[in-house]
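Q: This is the structure I want to talk about, given as structure tokens.
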Amino acid sequence: MPLLKDGVAAYKDTSDKFLRKIARSPDKFMPYREHAPTQWLKTSIGFWNILCFHGVFYGSEFARDDGRYFDDLDEWKAFSKNKPESYFVVKSAYGSLQGDRSIDRVQEYWEQRHLWEPLINKKDLSLIEVYNFLLHSPVLGGRSASSRKKGSQPAKGNKKSTSKKVFVNIGSLTAILIIGDLVYAGILPMPSPLDWGKFIEKVSKGALDAMAMLGLVDEETTVPQAFADLDEFVNHVLTPEEKSAMTYDVLTGEHSLCKYKWLYSRK
DNA sequence: ACTCTTAGGACAACGCTTGC
DNA sequence: GCAAGCGTTGTCCTAAGAGT
1 MPLLKDGVAA YKDTSDKFLR KIARSPDKFM PYREHAPTQW LKTSIGFWNI
51 LCFHGVFYGS EFARDDGRYF DDLDEWKAFS KNKPESYFVV KSAYGSLQGD
101 RSIDRVQEYW EQRHLWEPLI NKKDLSLIEV YNFLLHSPVL GGRSASSRKK
151 GSQPAKGNKK STSKKVFVNI GSLTAILIIG DLVYAGILPM PSPLDWGKFI
201 EKVSKGALDA MAMLGLVDEE TTVPQAFADL DEFVNHVLTP EEKSAMTYDV
251 LTGEHSLCKY KWLYSRK
């Protein structure tokens, strides 16, 4: 495991591109870590903002340079008026295209913001509950007004009323990022390495591949266990100062794994 | 050095399969 | 039957690398 053995040095020696990628990532979290007090994020408005940030703005010029938030839909409309969509949206923000990524989602998310309230007020909210909430359609009689194919799947009561996605453009990846934000905001507990490992196993193909490449997973080692071992190893190798400089935690650990795969496969 | 080509991407929707 | 899980496909942009 070259990257881990070299630790911080590996960061220094990597190409500018790679560094930039890493360096850019914390930036993405900044607006919400700074601006978002826990109580605010617990409201439907806060939730709306975080959805928009990850589902629409992420990677855009707006998110990078401004990163403000909005108190309601009207404020957003006023702000976005006379600004090109390209300022807010980068269709390839997550590496591959997302045809549905558009500022139209802002309004769509606005209409769905109240779905968040019953969940956030729950006690002992678990990461997996939030994850399922973001991905599936947990709401009874949930609406589905998305339109990838214009008018081709109304609930005509035919063979299957497929549970439609609730939050368009929020996929497994986006969900995990949102959860990361919620953890940083203190709404969700910092997951144990084992718990987060379970998550990786479930959703995070990139990190999974990386661990396989590093030879951490085999027939006798489960993914959560492998990640927990890895976490322990990194904690052992790095000094507190280094960890602090890298802001290492289980979340960024996962993040790094993905980057590792990306870098390695490109070489 | 610049243009063109090509491969592949922290994805999302769809559809089929499997398990109650 | 129905619901959830799993694998496949679609989509188009980006950046690395070859070619001129």
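Quick note on the UniProt record's numbering: the first sequence kicks off at 1 and runs consecutively. Glycine included, C-beta positions come from ideal geometry on N, C-alpha and C.
For the alpha helix (DSSP H) that H236 lies in, which residues bound it at each end?
A: Unbroken alpha helix (DSSP H) run through H236: V223 to V237.
Q: Assign A185 to one of three DSSP states: helix, strand, or coil.
A: A185 falls in the coil class under three-state DSSP.
Q: Determine contact between the stretch 224–234 and the stretch 180–195, defined as no fewer than three beta-carbon pairs at a distance below 8 Å.
A: These segments touch.
Q: Looking at the structure shown, is L41 part of a helix, part of a strand, or coil, going by DSSP?
A: Three-state DSSP puts L41 in a helix.
Q: Any contact of the stretch 74–89 with the stretch 115–132, i.e. 3+ C-beta pairs under 8 Å?
A: At 8 Å Cβ cutoff, the stretches do not touch.
Q: Please report how far the alpha carbon of E75 lies from the alpha carbon of V130, in whole angstroms.
A: Approximately 27 Å between the Cα atoms of the pair.
Q: Distance check for N132 and F57, CA to CA, integer angstroms please.
A: Approximately 22 Å, taken between the alpha carbons.
Q: Is the distance from the Cβ of H54 to the Cβ of I178 below 8 Å?
A: It is a contact, given that the beta carbons lie within the stated cut-off.
Q: Return the chain-ordered list of same chain residues with a C-beta closer than 7 Å to the C-beta of E108, the five sequence neighbours on each side being excluded.
A: The residues are V168.
Q: Which residue's Cα is closest to the Cα of E232: K198, I200, E241 and V250?
A: The shortest C-alpha separation from E232 is found at V250.
Q: So the candidates are G253, D104 and C52; which of them puts its Cα closest to the Cα of I200?
A: Closest option to I200, Cα to Cα, is G253.
Q: Count the other CB atoms within 10 Å of the CB of K77; is the residue buried (16 or more) or exposed (fewer)?
A: So K77 counts as exposed.
Q: Check K198 in the structure and name its three-state DSSP category.
A: Helix.
Q: Can you tell which of T43, A63, K198 and I45 has its C-alpha closest to the C-alpha of Y87?
A: Answer by Cα proximity: A63.
Q: In chain order, what residues of the same chain have a beta carbon less than 6 Å from the beta carbon of C52, not counting five sequence neighbours either side?
A: Cβ within range, chain order: V106 and Y109.
Q: Of all the options E85, Y248, L208 and L238, which has the alpha carbon lying nearest to the alpha carbon of L257?
A: For L257, the nearest C-alpha among the options comes from L208.
Q: With DSSP run on the structure shown, which of helix, strand or coil describes M190?
A: M190 falls in the coil class under three-state DSSP.
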